[in-house]
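Scroll down for the structure; my scribbles are underneath it.
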Amino acid sequence: MDVILFPKILEGSNRNLEEVFTMKEVKEVVWECDGNKCPGPDGYNFSFLHRCWNTLAGDIYAFVSEFHSKENLHKVVTSSFIALIPKVENPQVLGDCRPISLVESLSKIIAKLLANRLKKVVGELISSSQMTFMSSR
């Protein structure tokens, strides 16, 4: 039976993936997020985070740092709520509504931080013939 050899992340790239997130990375992620999107279950959207950044930056960075050291998120942060948005004036049946999932801003920040890190190394893992999901190809 033939052995399939999958590509591996280079040691230097692996170290970069595991580095502690910087305040600069966190701020960039917060500013990349559209501030006018629907707020999460906590009632806050990214516009609030943008306006109050000077006050909240330390707490947000502490949260991100705790995630990095403990490698898990509190259930409150990972929970989402489903809200039904009416498609018509007087919805009568479920089909008259569109479900949306409200996710905490902090959870979105973590997801985007991780995605940004992975973007830097995904090229090492995906064949050069693979075009999908590779913006540089």
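Going by UniProt numbering, the sequence shown opens with residue 1, and the numbers climb by one from there.
Here a beta-carbon is modelled for each residue, glycine too, at the ideal position from N, C-alpha and C.
Owing to the predicted nature of the structure, the values given are computational and were not obtained by experimental measurement.
Excluding residues up to 5 positions away in sequence, Leu106 lie with their Cβ nearer than 7 Å to the Cβ of phenylalanine 63 in the same chain.
An exposed status is given to leucine 94, since fewer than 16 other beta-carbon atoms sit within 10 Å of its beta-carbon. Residue pairing by DSSP places proline 91 opposite no residue, since no beta bridge is assigned to it. Rounded to whole angstroms, valine 88 and cysteine 97 show a C-alpha spacing of 8 Å. Counting C-beta atoms within 10 angstroms of its own C-beta, valine 26 has 16 or more neighbours from the protein chains shown and is therefore classed as buried. Less than 8 Å separates the beta-carbon of asparagine 36 from that of asparagine 45.
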